[in-house]
Amino acid sequence: MNYRDIIERIHAAERAAGRAEGTVRLVAVSKQQPEERVRAVLAAGHRLFGENRVQEAATRWTPLREEYPDVELHLVGPLQTNKARQAVALFSAIHSLDRPKLARKLAALAQERGTSPAVFIQVNTGKEPQKAGVAPEEADAFIAEVRALDLPLAGLMCIPPVEEEPALHFALLRKIAERNGLEGLSMGMSRDFETAIRFGATHVRIGSALFGPRGSQEGAAQTPR
Ligand SMILES: *Cc1c(COP(=O)(O)O)cnc(C)c1O
1 MNYRDIIERI
11 HAAERAAGRA
21 EGTVRLVAVS
31 KQQPEERVRA
41 VLAAGHRLFG
51 ENRVQEAATR
61 WTPLREEYPD
71 VELHLVGPLQ
81 TNKARQAVAL
91 FSAIHSLDRP
101 KLARKLAALA
111 QERGTSPAVF
121 IQVNTGKEPQ
131 KAGVAPEEAD
141 AFIAEVRALD
151 LPLAGLMCIP
161 PVEEEPALHF
171 ALLRKIAERN
181 GLEGLSMGMS
191 RDFETAIRFG
201 ATHVRIGSAL
211 FGPRGSQEGA
221 AQTPR
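Going by our numbering, the first residue of the sequence shown is number 1, and it counts up by one from there.
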């Protein structure tokens, strides 16, 4: 568990970018991590966590939230429309809005509930066929569509292709956000969060650098169902 170390690296990156310390939010991505590691980060005082699956998040966090009622959860992974109802009850932000059908579903749920998680539109900056997200050239139109639905649009999210220089992707995401007047930039993971902060990230999503590699300590990683 490297919580202090990661916080210090985030602060250093903020200072290097001429940004105020503590302005970048750390989304601690706890997917597939053993509970004792998650508890260690909770004990260190951190309260914002990211998960990529709705069911895994519900199983883990429903009991933990009884102990830590001020925990805030963000969904960072893809969302199926038929899981949207459960997702809006669990998460205060969804980083993976990527299609009109899901936007309409979230808008209908917002109407019904009188409240909605903040949403980030995922942009497939590398145009990778296996990756979710709208194509960069479709982003402006989709942003307008989401705004017309009255969803609380916080910003944009991307996951750069593994083999490419992430800075190019972060710069592209920021450019799309700027021309659309969007503040939020969910970008930067374990291997590239300092670069992302340099390019204006407001939310960094960090898993393995914080908790350790996923899937180690197999037995402990499995939450009983
Ligand atoms: C798993 C995941 C992360 C965290 O990845 P690390 O490389 O472990 O920091 C961030 N964002 C998304 C969307 C993820 O699925």
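For each residue, glycine too, the CB sits at the ideal point set by N, CA and C.
Residues of the same chain with a CB within less than 6 Å of the CB of LYS83, apart from the 5 flanking positions on each side, are VAL54 in chain order. Taking a C-beta distance under 8 Å as the contact criterion, LEU75 and TRP61 do not qualify as a contact pair.
Beta-bridge partners assigned by DSSP to HIS74: GLY50, ALA93.
Here ALA177 is not near LEU149, since their CB atoms are 8 Å or more apart.
Remark: C-beta atoms of GLY126 and PRO100 do not approach each other more closely than 8 Å.
Taking non-hydrogen atoms of ligand 1 into account, the C-beta of MET189 is found less than 7 Å away from one of them. If you draw a 10 Å sphere on the C-beta of GLY181, you find fewer than 16 other C-beta atoms in it, and that means exposed. For LEU185, the uninterrupted beta strand (DSSP E) run begins and ends at 184-186, by DSSP. In the assembly as shown, VAL123 is a buried residue. Its beta-carbon has 16 or more other beta-carbons within 10 Å.
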